[in-house]
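Below is one structure, written out as structure tokens, with a few remarks after it.
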Amino acid sequence: MKAIRKALTRLSGRFRARKQPVISIDDPGLRVVVSAFDEAEAASSALGRSAQWRADEPAVLRHHLVVPEHEVATAQELLAPDGWTLRTGGEVAEQGEHFDAEGPGTVVALRVQVLDALHCSQESSRMAGLAQRLGGRALGWDALQPAPPEAG
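Per this note's numbering, the very first residue in the sequence shown carries number 4; after that it's consecutive.
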């Protein structure tokens, strides 16, 4: 009887997981719903002040980092096993911070996940530590979600 109950629990978990909206880091319909570029602000505060963030839906979490260009491959190797994609450039560079080709540049680490304050804080600490070890710095993070479905 316990084996049947366990099997049903696993199956129902898989069915529930499929009902989650599927998004990709490249989804063109994504928009920023929360951002945190002040290292003194708690993730819970950043998430709490967002009227657009939907806690029960997946989001693309983006960490904006500055790392020396010769360390980008190392950063990718360290982040890839946990599902992070690393891309060069990013919005921070477009907003006025410019870096020369010989110096550090901006990279963005992206991953789809359901956001909560604990995991945002843990990942922020991890990214700050990684950037520092590679001779750079963490600038902050933001999260993107698709626009909510229109009520009709």
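Using N, Cα and C, we set each Cβ at its ideal position, and we do this for glycine too.
Close CB contacts of residue 138 within its chain, under the 8 Å cut and outside five residues either way in sequence, are with 70, 71, 74 and 107 (chain order). In the three-state scheme derived from DSSP, where H, G and I count as helix and E and B as strand, residue 61 is classed as strand. Residue 132 sits in a helix when the DSSP states are folded into three classes. Looking at the DSSP output, residue 145 bridges to 38 and 65. Per DSSP, the continuous alpha helix (DSSP H) segment holding residue 81 begins and ends at 75-82. By the C-beta criterion, the region 39-48 is judged to be in contact with the region 116-132, since at least 3 inter-stretch pairs fall below 8 Å. As computed with DSSP, residue 90 is found in a beta bridge with 111.
Between the alpha carbons of residue 114 and residue 65 lies a distance of about 7 Å. Our two residues, residue 59 and residue 42, have alpha carbons roughly 25 Å apart in a direct line.
A distance below 8 Å between beta-carbons, with the five flanking residues on each side excluded, links residue 32 to the following residues of its chain, in chain order: 149 and 150.
Take the alpha-carbon of residue 80 and the one of residue 39: they are about 25 Å apart. For residue 33, the secondary structure class from DSSP, reduced to helix, strand or coil, is strand. 7 Å or more divides the Cβ of residue 26 from the Cβ of residue 88.
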